[in-house]
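Protein chains in written order, with my numbering: chain A, 1134 to 1434; chain B, 1134 to 1434.
Accompanying notes for the structure given below.
Listed below in structure tokens is the structure:
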């Protein structure tokens, strides 16, 4: 299936504490940010689970944005996953104040039959075992991007690495990359992860940009210098949405991957400029392309 | 005078504590690192002061590398400036353990007559007043790069800004830029410094790269991902040497500035790969160009 992506991950109700105030019950979750970002480039299919408390308005909004929700299951008698997080100072680091896993705790995603030939997929951050079960259901994976986090790397480093080898594309932040590789210098950590057999490594460095590395080439990209950081939640998933969405539309190549990082960066920069998913909801493709052009101008030699 | 640069700054005997050991009495100082870097691209003239204890071997080494020392004054009865610094962990931050200003304390640089028509100059980190006295002596300034540090920004923020306006080019690290602008986000800090009237701002972000900004354009460049960080001392001055040396050889333009940042980055990356100035002393232009090509390949779209 061409120009289709599937995003498997959490759907959440977030409470966000920032220097500008506290905001309760915002729509969030990795598959939601991913989908609202990737929709700029491709047809998006969301796979996740919510409880009976999930507002119908959120579901309608996602559908209005063209996101297919056949894979969004409502668990009878269950409550939606909730995350409460805080950003302070320069808002670079999210501090988790509370987590209620609820229906996410037992989530074992089942892809609708019509999603299984899609080649471009996000395996949102969850246990390597669950990610493995999802990967198994994909019959023709082309670019499967696996997210993870410090919790899983500490718990089961080898499982994360094994899973990343199978998925093909691992997407981590700076600290997670050092932790996974057991190195202090990023370049050495990247070498190590590639030597361990991961084919493509994408490292997210927040305001310091991102990079993609394979055995064949490295590409480093600075961040878009946004002036407005309102809420960093979902920046990484929005980045992944831009990368996967663009690749699904343009095809996989080294040049395509470089360009995909541009679009990932742009989508991440928009995501942080609004509270929750607000900015991504209203965003027009023309704005995306204008900012991509601006970023390309800013990094071209 | 074409293809000439002048580097005004400290000449030091450094003691460096790194995780790999303690090394005493290494040749150092901003004008020394600058000169050993800039010599790859242009004829270099060093202006500084030392005491009678300054080893003749250091002087000879610099001359062997083609660096003109007419501006290096030996103060009778004086002792050379000494700095003792420590790097720990990932070695990103230098902790000053001891400073003996000695002859540097009263240093008021006088440029030899034949240096005064040189257009490309480094005003190494020192008081804005001393920098102003040096700038006054330049009859045809084209690209005068002024360094500074948190000490001067705290002491006399307005003097630093006024001096930067006169010099035209201000070169600071990330934290210094935020401090000078009184902002928390780098992009806003850059806007503010340019709005204050500084024509060209270069921000050094160590392993996160660098940027150059004017009212007309911004250019952002990631760092070269060196695997060997032996001694970060002098990285910023080596960066400045690459920038100024390249511009002196290629002329000033937006495209030239972009390329100059490439060469600055490459020279900074070599500087940290050896103890003190050791790597810069042995470095060949072919190695510089090879690494510049590698970095350009890594950032091209």
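We put the CB at the ideal spot given by N, CA and C, even for glycine.
Small disclaimer: the values here were computed from a predicted structure and weren't measured.
Run through chain A and tell me which residues come within less than 9 Å of residue 1367 of chain B, C-beta to C-beta. Working through the second chain from its first residue, we reach residue 1367 of chain B at position 234. Taking a Cβ-Cβ threshold of 9 Å, none of the residues of chain A is close to residue 1367 of chain B; the smallest such distance is about 19 Å.
Measuring only the C-alpha atoms, how far is residue 1134 of chain B from residue 1378 of chain B? Position 1 of the second chain, counted from the start, is the residue given in the question as residue 1134 of chain B. Position 245 of the second chain, counted from the start, is the residue given in the question as residue 1378 of chain B. Unreliable positioning characterises residue 1134 of chain B in this predicted model, as indicated by a pLDDT of 47, which lies under 50. A coordinate reading is not provided.
Which residues does DSSP list as the beta-bridge partners of residue 1343 of chain A? As a position in the first chain, residue 1343 of chain A is number 210, starting the count at 1. Answer is A/1337 and A/1354.
Quick one, are the C-beta atoms of residue 1179 of chain A and residue 1164 of chain A less than 7 Å apart? Residue mapping note: residue 1179 of chain A aligns to position 46 of the first chain, counting from 1. Residue mapping note: residue 1164 of chain A aligns to position 31 of the first chain, counting from 1. Contact flag set, yes.
Identify which residue in B/1428, B/1317, B/1322 and B/1349 has its Cα closest to the Cα of residue 1354 of chain A. Within the first chain, the letter at position 221 stands for residue 1354 of chain A. It is B/1428 whose Cα lies nearest to the Cα of residue 1354 of chain A.
Residue 1211 of chain B: CB within 6 Å of a non-hydrogen atom of the ligand NAP: Absence of the ligand NAP is noted for the structure shown, with no ligands found whatsoever.
Is the distance from the Cβ of residue 1202 of chain B to the Cβ of residue 1410 of chain B below 7 Å? The residue given as residue 1202 of chain B occupies position 69 in the second chain. The residue given as residue 1410 of chain B occupies position 277 in the second chain. Taking C-beta atoms as the reference points, residue 1202 of chain B and residue 1410 of chain B fail to come closer than 7 Å.
Is the separation between the beta-carbon of residue 1171 of chain A and that of residue 1161 of chain A shorter than 7 Å? Counting from 1 along the first chain, the entry for residue 1171 of chain A is found at position 38. Counting from 1 along the first chain, the entry for residue 1161 of chain A is found at position 28. Not closer than 7 Å, so no.
Along chain A, which residues have their Cβ under 7 Å away from the Cβ of residue 1353 of chain B? Residue mapping note: residue 1353 of chain B aligns to position 220 of the second chain, counting from 1. For a Cβ distance threshold of 7 Å, residue set 1355, 1431 and 1432 of chain A lies close to residue 1353 of chain B, ordered along the chain.
So which residues on chain B does residue 1362 of chain A lean against when the C-beta distance must stay under 7 Å? Here residue 1362 of chain A is taken as the residue at index 229 of the first chain, counted from 1. Correct list: 1318.
Please report how far the alpha carbon of residue 1434 of chain B lies from the alpha carbon of residue 1238 of chain B, in whole angstroms. As a position in the second chain, residue 1434 of chain B is number 301, starting the count at 1. As a position in the second chain, residue 1238 of chain B is number 105, starting the count at 1. Using only the alpha carbons, I get a separation of about 48 Å.
If you draw a straight line from the C-alpha of residue 1327 of chain A to the C-alpha of residue 1167 of chain A, how long is it? One-based indexing of the first chain puts residue 1327 of chain A at position 194. One-based indexing of the first chain puts residue 1167 of chain A at position 34. So the alpha carbons of these two residues sit roughly 25 Å apart.
So is residue 1358 of chain B in contact with chain A if we call contact Cβ pairs under 7 Å? Position 225 of the second chain, counted from the start, is the residue given in the question as residue 1358 of chain B. Chain A contact via Cβ: present.
List the residues of chain B that residue 1342 of chain A touches, going by C-beta distances under 9 Å, in chain order. By 1-based counting over the first chain, the position of residue 1342 of chain A is 209. Simply 1341, 1342, 1353 and 1355.
Taking only beta-carbon positions, decide if residue 1321 of chain A is within less than 7 Å of chain B. Within the first chain, numbered from 1, the residue matching residue 1321 of chain A stands at position 188. Look at residue 1321 of chain A: its C-beta is under 7 Å from a C-beta on chain B.
Measure the beta-carbon distance from residue 1370 of chain A to residue 1407 of chain A and round it to whole angstroms, keeping in mind my assumption that it falls under 8 Å. Against the first chain, residue 1370 of chain A aligns to sequence position 237. Against the first chain, residue 1407 of chain A aligns to sequence position 274. The pair is not a contact, with the Cβ atoms about 14 Å apart (cut-off 8 Å).
Among residues of its own chain, excluding the 5 on either side of residue 1306 of chain B, which ones have a beta-carbon nearer than 8 Å to its beta-carbon? Within the second chain, numbered from 1, the residue matching residue 1306 of chain B stands at position 173. So the qualifying residues of the chain are 1336, 1337, 1338, 1339 and 1369.
Looking at chain B, is there any beta carbon in it that lies within less than 7 Å of the beta carbon of residue 1391 of chain A? Position 258 of the first chain, counting from 1, holds the residue named residue 1391 of chain A. Between residue 1391 of chain A and chain B, the shortest Cβ-Cβ separation is below 7 Å.
When you compare only the Cα positions, how much space is there between residue 1174 of chain B and residue 1257 of chain A? For the purposes of this step, residue 1174 of chain B is identified with residue 41 of the second chain, where counting begins at 1. For the purposes of this step, residue 1257 of chain A is identified with residue 124 of the first chain, where counting begins at 1. When rounded, the separation of the alpha-carbon atoms in residue 1174 of chain B and residue 1257 of chain A is 49 Å.
Residue 1424 of chain B - containing alpha helix (DSSP H), residue span: Along the second chain, read from residue 1 onward, the residue named residue 1424 of chain B stands at position 291. Counted as a single uninterrupted DSSP element, the alpha helix (DSSP H) harbouring residue 1424 of chain B occupies residues 1418-1432.
Rounded to whole angstroms, what is the Cα-Cα separation between residue 1195 of chain A and residue 1153 of chain A? Here the question's residue 1195 of chain A lines up with position 62 in the first chain. Here the question's residue 1153 of chain A lines up with position 20 in the first chain. Distance between the alpha carbons of residue 1195 of chain A and residue 1153 of chain A: 26 Å.
Neighbour flag for residue 1229 of chain B against chain A, beta carbons, 7 Å: As a working note, residue 1229 of chain B is residue 96 in the second chain. Chain A has no Cβ within less than 7 Å of the Cβ of residue 1229 of chain B.
Excluding the 5 residues flanking residue 1227 of chain A on each side, which residues of the same chain have their C-beta closer than 8 Å to its C-beta? Residue 1227 of chain A sits at position 94 when you count from the first residue of the first chain. Within the same chain, residue 1227 of chain A has close Cβ partners 1218, 1219, 1220, 1365 and 1366.
So if DSSP puts residue 1411 of chain B in a beta bridge, which residue, or which two residues, is it bridged to? Against the second chain, residue 1411 of chain B aligns to sequence position 278. None, per the DSSP bridge assignment.
Excluding sequence positions up to five away, which residues of its chain have a Cβ less than 6 Å from the Cβ of residue 1352 of chain A? Position 219 of the first chain holds residue 1352 of chain A. Correct list, in chain order: 1345 and 1391.
Residue 1223 of chain B touches chain A at which residues, Cβ-Cβ below 8 Å? As a working mapping, residue 1223 of chain B is identified with position 90 in the second chain. Residues of chain A passing the Cβ test: 1317 and 1318.
Residue 1085 of chain B (DSSP reduced to helix, strand or coil): Given that chain B is displayed from residue 1134 to residue 1434, the structure contains no residue 1085 of chain B and the question cannot be resolved.
Exposed unless 16 or more other CB atoms sit within 10 angstroms - verdict on residue 1225 of chain B: Mapped onto the second chain, residue 1225 of chain B falls at position 92. Here residue 1225 of chain B is exposed: its Cβ has fewer than 16 other Cβ atoms, across all protein chains shown, within 10 Å.
Check for me: the beta strand (DSSP E) holding residue 1248 of chain A runs from which residue to which? On the first chain, position 115 is the one that residue 1248 of chain A refers to. Bounds of any beta strand (DSSP E) do not take in residue 1248 of chain A, whose DSSP letter is neither H nor E.
Is the region 1243-1250 of chain B touching the region 1275-1291 of chain B in the sense that three or more CB pairs, one from each, lie closer than 8 Å? Not touching, per the Cβ criterion.
Mark residue 1235 of chain A as exposed unless 16 or more other C-beta atoms lie within 10 angstroms of its C-beta, in which case mark it buried. In the first chain, residue 1235 of chain A corresponds to position 102, counting from 1. In the assembly as shown, residue 1235 of chain A is a buried residue. Its beta-carbon has 16 or more other beta-carbons within 10 Å.
Considering only residues of the same chain and omitting the five flanking positions on each side of residue 1233 of chain A, which have a CB-CB separation below 6 Å? For the purposes of this step, residue 1233 of chain A is taken as residue 100 along the first chain, with counting starting at 1. For residue 1233 of chain A, where only same-chain residues beyond five positions count, the Cβ hits under 6 Å are 1215.
Run through DSSP, which three-state label would residue 1349 of chain A get? Within the first chain, the letter at position 216 stands for residue 1349 of chain A. The answer is coil: DSSP assigns residue 1349 of chain A none of H, G, I, E or B.
Let me know the secondary structure DSSP gives residue 1143 of chain B once reduced to three states. Mapped onto the second chain, residue 1143 of chain B falls at position 10. In this structure, residue 1143 of chain B counts as coil in the three-state DSSP scheme.
Specify, as a first and last residue, the run of the beta strand (DSSP E) that residue 1266 of chain B falls within. For the purposes of this step, residue 1266 of chain B is taken as residue 133 along the second chain, with counting starting at 1. For residue 1266 of chain B, there is no enclosing beta strand (DSSP E); the enclosing alpha helix (DSSP H) covers residues 1261-1270.
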